[in-house]
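Peer 1: In UniProt numbering, the protein residues as written are 1 to 352. Backbone N, C-alpha and C define an ideal beta-carbon position, used for all residues, glycine too.
(1) Should the region 204-224 be called in touch with the region 302-320, which here means at least 3 C-beta pairs below 8 Å?
(2) Are the region 86-101 and the region 338-350 in contact at 8 Å, needing three or more beta carbon pairs?
(3) Return the residue from the list 351, 349 and 343 that minimises the CA-CA distance to residue 36.
(4) Who are the near neighbours of residue 143 in its chain, counting only those whose CB is closer than 8 Å to its CB and skipping five residues on each side?
(5) Leaving out five residues on either side along the sequence, give the residues of the same chain with a beta carbon under 7 Å from the beta carbon of residue 315.
(6) Residues in its own chain within less than 8 Å of residue 158 by CB, not counting five upstream and five downstream?
(7) Less than 7 Å between the C-beta atoms of residue 110 and residue 153, yes or no?
(8) Could you compute how far the alpha carbon of residue 67 sits from the alpha carbon of residue 239?
(9) Just to confirm my understanding: we take residue 30, look at its own chain, exclude 5 residues before and 5 after, and list those with CB closer than 6 Å. What are they?
(10) Only counting the same chain, and skipping five residues up and downstream in sequence, which positions put a Cβ closer than 6 Å to that of residue 352?
(11) Measure how close the beta-carbons of residue 221 and residue 249 come, nearest whole angstrom, since I'm counting them as under 8 Å.
(12) Where residue 208 and residue 225 are concerned, what is the direct C-alpha to C-alpha distance, given to the nearest angstrom?
(13) Within 10 angstroms of its Cβ, does residue 257 collect 16 or more other Cβ (buried), or is it exposed?
(14) Taking 7 Å as the threshold (C-beta atoms), are residue 129 and residue 77 in contact?
(15) Where does residue 113 sit, in a helix, a strand or coil, going by DSSP?
(16) Mind checking whether residue 358 and residue 147 have CB atoms under 7 Å apart?
(17) Where does residue 254 sit, in a helix, a strand or coil, going by DSSP?
(18) Please state whether the Cβ-Cβ distance between residue 123 and residue 113 is less than 7 Å.
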């Protein structure tokens, strides 16, 4: 079907396609059923779903958990590239910018792998070419003999300046945490600039970005709770540009009283679903349960935004996020089964 017509028709077309795609994602009941399956049964079940082509293509080269993980990564990357192909105009520009987060993940995976002496094949297995750097480019990066040579390939891209500035210290310390934080800070700053640049629909794009930033910052606050951190240690951990300033976030992370923290967060967050979920976090919970609750709240609010603005960037972004978490959930299921974890424990790690 052609989408080269003028006016709003292409936007209606792509947003309708996103809703259809979203309706095919696995419901909660299906995950609960899969919790009672073995790894071979899960693999067969995945093959009966949207992942059949990838399972069939890779079955000759992989088996077990490796087959599942490779098939899921391939499917995710191809799906996101297909969405870019059918998305028109400004929506395509916003979507492409949003997907650059995968470039950060992939480049960090390659740099870390090379510095740890991982074989090229092993690095390739965990790379997901769902961003602007395609599989051929990433393969060339992986095949370079050193991380320095691989990084030289990034010259001219938004990532390069941050990596060039931060990498020497990261290698010296043996920790890539600050480099990762700085890459994401730059990524979100670029998204905010683009969304605030006067383009049609930019205000809606900005809402999603700020929701993402708030969710990410609140997760960081909960990770830091109970650890007395200096200002220097907290430098660069938070992302500016949403409901809180960096100074406010640093102060919140050092609050000892969980009730005071929740009350302070609820006063300023803009998402009603985040406010609701924060109320349920007054009792101490394991960090993965806190993070999953925040992610579910974020996805629910993104869903609401997509229903209020049916022909905007929101239906695209909520599908991208829900598809990502479907893959994350299936990975967690497969890994949990391989490790013989009880079903209840695996379920705690699923975003459903």
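Peer 2: Straight from the coordinates:
(1) yes
(2) no
(3) 343
(4) 120
(5) 15, 18, 19 and 306
(6) 100, 186, 187 and 190
(7) no
(8) 36 Å
(9) none
(10) 28 and 31
(11) 7 Å
(12) 26 Å
(13) exposed
(14) yes
(15) helix
(16) In the structure as shown, the chain begins at 1 and stops at 352. Residue 358 is therefore absent and cannot be evaluated.
(17) coil
(18) yes
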